[in-house]
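Numbering-wise (the numbering used here), the sequence shown opens with residue 1 and increments by one. Worksheet: one structure, shown below.
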Amino acid sequence: LQQLYGPLNYLGTYYRLIKQALVDVEALHKLLEENIEVNDADGAIELLGTSSTGKAGKATTAISFNKVTFGYDPRREAILNGISFDVPLGSKLAIVGPTGAGKSTMSRLVYRFYDVWEGSVSVCGLDVRDVTQLTLRRVLGIVPQDTVLFNETLHLNISYGRAGFDDGVEQARMHAKKGPNLRLIPTLQQLRERRGKKATGGGAGGSTAKEDDSKWIDERLAPRSVVEEAASVAKLTDFIAKLPDGYETVVGERGLRLSGGEKQRTSIARVVVKNPEICVYDEATSSLDTHTEREVVAAINSLASSGKYAASLSVAHRLSTVVDSDIILVLSGGVIAERGTHEELLEMDGTYAGMWQAQNSSNSSSANLSNES
Ligand code: ATP
Numbered sequence: 001l002q003q004l005y006g007p008l009n010y011l012g013t014y015y016r017l018i019k020q021a022l023v024d025v026e027a028l029h030k031l032l033e034e035n036i037e038v039n040d041a042d043g044a045i046e047l048l049g050t051s052s053t054g055k056a057g058k059a060t061t062a063i064s065f066n067k068v069t070f071g072y073d074p075r076r077e078a079i080l081n082g083i084s085f086d087v088p089l090g091s092k093l094a095i096v097g098p099t100g101a102g103k104s105t106m107s108r109l110v111y112r113f114y115d116v117w118e119g120s121v122s123v124c125g126l127d128v129r130d131v132t133q134l135t136l137r138r139v140l141g142i143v144p145q146d147t148v149l150f151n152e153t154l155h156l157n158i159s160y161g162r163a164g165f166d167d168g169v170e171q172a173r174m175h176a177k178k179g180p181n182l183r184l185i186p187t188l189q190q191l192r193e194r195r196g197k198k199a200t201g202g203g204a205g206g207s208t209a210k211e212d213d214s215k216w217i218d219e220r221l222a223p224r225s226v227v228e229e230a231a232s233v234a235k236l237t238d239f240i241a242k243l244p245d246g247y248e249t250v251v252g253e254r255g256l257r258l259s260g261g262e263k264q265r266t267s268i269a270r271v272v273v274k275n276p277e278i279c280v281y282d283e284a285t286s287s288l289d290t291h292t293e294r295e296v297v298a299a300i301n302s303l304a305s306s307g308k309y310a311a312s313l314s315v316a317h318r319l320s321t322v323v324d325s326d327i328i329l330v331l332s333g334g335v336i337a338e339r340g341t342h343e344e345l346l347e348m349d350g351t352y353a354g355m356w357q358a359q360n361s362s363n364s365s366s367a368n369l370s371n372e373s
């Protein structure tokens with residue numbers, strides 16, 4: 001039995017390594033599959049963000065929807081019908097509405113995961129179909145409903161927002177359209193392999209594999225101070241402090257070792273590291289408990305009003321997260337049913353006011369329940 005212990009131990013180690021590699025490739029495939037519907041137009045130009053100049057001169061709006069009609073399936077009715085609105089530079093816009101109304105769909109159209117049936121979506125004054133996807137996604141930062149986390153450390157997952165890392169995945173998407181060839185795609189997986197080769201080569205000047213490894217991390221990842229700052233904005237600091245391996249904790253397959261709220265906060269931290277000009281939050285706080293949600297929303301709002309971001313668009317279920325927005329759109333039945341500030345919408349006494357009352361009464365009854373328990 002003792003003789004068997006060594007080989008079995010090796011087998012176990014290699015099994016874990018191979019499994020982890022497969023998980024990373026699986027995550028990549030998921031990303032590749034996600035976006036095969038759109039291509040860069042011939043002659044697509046680079047989007048330079050708020051300094052972009054379009055046909056109409058310098059951009060004054062961060063995001064514009066112009067009579068947008070869209071659905072996922074041409075055999076079915078459109079989900080959005082002639083939607084128009086602007087997110088002016090320097091403003092925060094929120095979209096609310098019943099479940100299935102098409103709120104997340106609107107955020108996907110900004111990112112150009114799909115092309116509209118009619119009308120146009122513009123970012124910084126340029127139609128998203130006229131710019132390269134790579135530069136479009138550099139200007140935008142998104143906190144999606146389902147964050148894709150790699151089976152890597154928290155440090156890496158947060159650093160992933162840094163330019164260079166997510167560009168790698170965007171390039172991967174584009175290569176995928178011409179026929180996926182993992183060996184040609186600059187991915188995390190490939191970068192890790194390169195790092196592995198370099199590390200096992202012993203390094204120049206007598207440096208050890210461990211020193212090479214840290215060098216690779218220093219070059220590719222955001223510095224720890226940047227990651228820590230982002231984690232603090234996303235209210236992750238206390239959670240990470242309690243982990244025995246801290247920022248070096250591996251999050252598990254698709255982040256399974258994290259709760260929904262922890263995953264979302266990692267995603268928020270990732271966007272803070274990315275530091276994009278325009279932020280899109282899609283139900284960014286839906287898995288957080290009320291207390292943590294309030295903290296994260298306060299952090300996001302203070303960032304948004306710090307002048308750090310040129311504009312933000314939030315898709316929200318809980319109205320408490322949008323009360324500070326400059327403009328709130330109420331999406332219902334494929335159209336914008338109401339628009340205004342929180343106070344204006346309450347005064348209208350329509351759909352929004354009804355949703356506000358309903359959420360407040362359910363909040364107070366759940367507060368009562370927790371007081372009683
Ligand atoms: P929720 O508040 O529940 O997240 P939502 O307002 O964000 O809802 P969307 O996720 O935008 O709504 O979905 C709008 C409609 O489009 C729904 O009927 C949904 O089933 C459908 N839908 C969403 N994604 C797809 C897809 N990839 N393919 C086909 N239909 C889809």
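Quick reminder that beta carbons are idealized off the backbone N, C-alpha and C, glycines included. The structure displayed is predicted, hence computed values, not measured ones.
Hey, how far is the Cα of Ser84 from the Cα of Leu331? Stepping through the sequence shown from its first residue, residue 84 is reached at position 84. Stepping through the sequence shown from its first residue, residue 331 is reached at position 331. Going from the Cα of Ser84 to the Cα of Leu331 covers about 11 Å.
What does a CB cutoff of less than 7 Å around Ala44 pick up in its chain, not counting 5 residues either side in sequence? On the sequence shown, position 44 is the one that residue 44 refers to. Once the five neighbours on either side are set aside, the close Cβ partners of Ala44 are Asp130, Val131 and Thr132.
Considering Cα atoms alone, identify which of Thr351, Tyr352 and Ala310 is closest to Val280. One-based indexing of the sequence shown puts residue 280 at position 280. Closest by alpha carbon: Ala310.
By a C-beta neighbour count over all protein chains shown, 10 Å radius and 16 as the cutoff for buried, is Ala291 buried or exposed? The residue given as residue 291 occupies position 291 in the sequence shown. According to the sequence as given, residue 291 is His; it is not Ala. Label assigned to His291: exposed.
Just to confirm before moving on: does the CB-CB distance between Phe150 and Val116 stay below 8 Å? Working through the sequence shown from its first residue, we reach residue 150 at position 150. Working through the sequence shown from its first residue, we reach residue 116 at position 116. It is not a contact, given that the beta carbons lie outside the stated cut-off.
Return the CA-CA distance between Ala222 and Met355, expressed in angstroms with no decimal places. As a working mapping, residue 222 is identified with position 222 in the sequence shown. As a working mapping, residue 355 is identified with position 355 in the sequence shown. Ala222 and Met355: Cα-Cα distance of roughly 41 Å.
Given 7 Å as the limit, tell me if Ile83 has its C-beta closer than that to any heavy atom belonging to ligand 1. Counting from 1 along the sequence shown, the entry for residue 83 is found at position 83. It does not: the Cβ of Ile83 is nowhere closer than 7 Å to a heavy atom of ligand 1.
My output table needs one value for Asn360: the three-state DSSP class, helix, strand or coil. Taking the sequence shown and counting its residues from 1, one reaches residue 360 at position 360. Three-state DSSP puts Asn360 in a helix.
Considering Cα atoms alone, identify which of Glu228, Glu229, Glu152 and Ser107 is closest to Ser312. For the purposes of this step, residue 312 is identified with residue 312 of the sequence shown, where counting begins at 1. Closest option to Ser312, Cα to Cα, is Ser107.
Host beta strand (DSSP E) of Asp268 (start-end): If you number the sequence shown from 1, residue 268 lands on position 268. In the sequence on display, residue 268 carries Ile and not Asp. It is not in any beta strand (DSSP E) - Ile268 instead sits in the alpha helix (DSSP H) that spans Gly260 to Lys274.
Is the beta carbon of Tyr111 sitting closer than 8 Å to the one on Leu140? Here residue 111 refers to the residue found at position 111 when the sequence shown is read from its first residue. Here residue 140 refers to the residue found at position 140 when the sequence shown is read from its first residue. A contact, by the Cβ cut-off of 8 Å.
I'd like the span of the alpha helix (DSSP H) that includes Asp238, first residue to last. In the sequence shown, residue 238 corresponds to position 238, counting from 1. Unbroken alpha helix (DSSP H) run through Asp238: Thr237 to Ala241.
With the cut-off set at 8 Å, would you say Gly90 and Lys274 are in Cβ contact? Here residue 90 refers to the residue found at position 90 of the sequence shown. Here residue 274 refers to the residue found at position 274 of the sequence shown. For Gly90 and Lys274, no; Cβs fall outside 8 Å.
From Gly375 to Phe65, what distance separates their C-alpha atoms? Residue 375 lies beyond the stretch modelled for the chain, which goes from 1 to 373, so this question has no answer here.
When you compare the segment 319-328 with the segment 151-159, are there three or more beta-carbon pairs, one atom per stretch, that lie closer than 8 Å? no
Report all residues from its chain with a CB closer than 6 Å to the CB of Asn81; omit the five preceding and five following residues, and keep chain order. The residue given as residue 81 occupies position 81 in the sequence shown. So the list reads Thr69, Gly334 and Val335, once near-sequence residues are dropped.
Would you list the one or two residues that DSSP bridges to Thr69? One-based indexing of the sequence shown puts residue 69 at position 69. In DSSP, Thr69 forms a bridge with Glu118.
Could you check whether Ala59 and Gly278 sit closer than 8 Å to each other, using their CB atoms as the reference points? The residue you call residue 278 lines up with position 278 of the sequence shown. The residue you call residue 59 lines up with position 59 of the sequence shown. According to the sequence provided, residue 278 is Ile. The question's Gly does not apply to it. No, they are not a contact pair.
Quick one: does the C-beta of Ile79 sit closer than 7 Å to a heavy atom of ligand 1? Residue 79 sits at position 79 when you count from the first residue of the sequence shown. Yes, Cβ of Ile79 sits closer than 7 Å to a heavy atom of ligand 1.
Any chance the CB of Lys315 is under 7 Å from a heavy atom of ligand 1? Here the question's residue 315 lines up with position 315 in the sequence shown. Before going further, note that residue 315 is Val rather than Lys in the sequence given. It does: the Cβ of Val315 is within 7 Å (strictly closer) of some heavy atom of ligand 1.
Starting from Val96, trace the alpha helix (DSSP H) in both directions and tell me its first and last residue. By one-based count along the sequence shown, residue 96 stands at place 96. Careful: Val96 lies outside any alpha helix (DSSP H), inside the beta strand (DSSP E) at Lys92 to Val96.
Chain-order list of residues whose beta-carbon lies under 6 Å from that of His342 (same chain, five-residue window excluded): The residue given as residue 342 occupies position 342 in the sequence shown. Contacts found: Val323.
Beta-carbon spacing of Thr249, Leu243 below 8 Å: If you number the sequence shown from 1, residue 249 lands on position 249. If you number the sequence shown from 1, residue 243 lands on position 243. Taking 8 Å as the Cβ cut-off, Thr249 and Leu243 qualify as a contacting pair.
Rounded C-alpha distance that separates Arg294 from Thr321: Within the sequence shown, numbered from 1, the residue matching residue 294 stands at position 294. Within the sequence shown, numbered from 1, the residue matching residue 321 stands at position 321. Whole-angstrom Cα-Cα distance: 8 Å.
Give a single yes or no on whether Asp73 has its beta carbon closer than 7 Å to a heavy atom of ligand 1. To locate residue 73, count along the sequence shown from 1; it is residue 73. Flag set: Cβ of Asp73 near ligand 1.
By the 10 Å Cβ neighbour count, where 16 or more other Cβ atoms means buried, how is Ser122 classified, buried or exposed? To locate residue 122, count along the sequence shown from 1; it is residue 122. The residue in question, Ser122, is buried, as its Cβ has 16 or more Cβ neighbours within 10 Å.
Tell me which same chain residues have a C-beta within less than 8 Å of the C-beta of Glu229, skipping the five on either side of it? Counted from its first residue, the sequence shown places residue 229 at position 229. Cβ within range, chain order: Val272.
Applying the 10 Å Cβ sphere with the 16-neighbour rule, what's the burial state of Gly252? The residue you call residue 252 lines up with position 252 of the sequence shown. Burial call: exposed.
For Thr50, count neighbouring Cβ atoms within 10 angstroms of its own Cβ and tell me buried if that reaches 16, exposed if not. The residue given as residue 50 occupies position 50 in the sequence shown. Its Cβ being crowded by 16 or more others within 10 Å, Thr50 is buried.
Hey, how far is the Cα of Val96 from the Cα of Glu262? Numbered from its first residue, the sequence shown carries residue 96 at position 96. Numbered from its first residue, the sequence shown carries residue 262 at position 262. Taking the straight line from one Cα to the other gives about 24 Å.
Answer yes or no: do Val297 and Ser104 have a C-beta to C-beta separation smaller than 8 Å? Numbered from 1 along the sequence shown, position 297 holds the residue referred to as residue 297. Numbered from 1 along the sequence shown, position 104 holds the residue referred to as residue 104. No. Outside cutoff.
With a threshold of 7 Å (Cβ to nearest heavy atom), would Gly260 be considered close to ligand 1? On the sequence shown, residue 260 is found 260 positions in, with the first residue counted as 1. Not so, every heavy atom of ligand 1 lies at least 7 Å from the Cβ.
If we count the other Cβ atoms within 10 Å of its Cβ and call it buried at 16 or more, is Lys67 buried or exposed? Here the question's residue 67 lines up with position 67 in the sequence shown. Lys67 comes out exposed.
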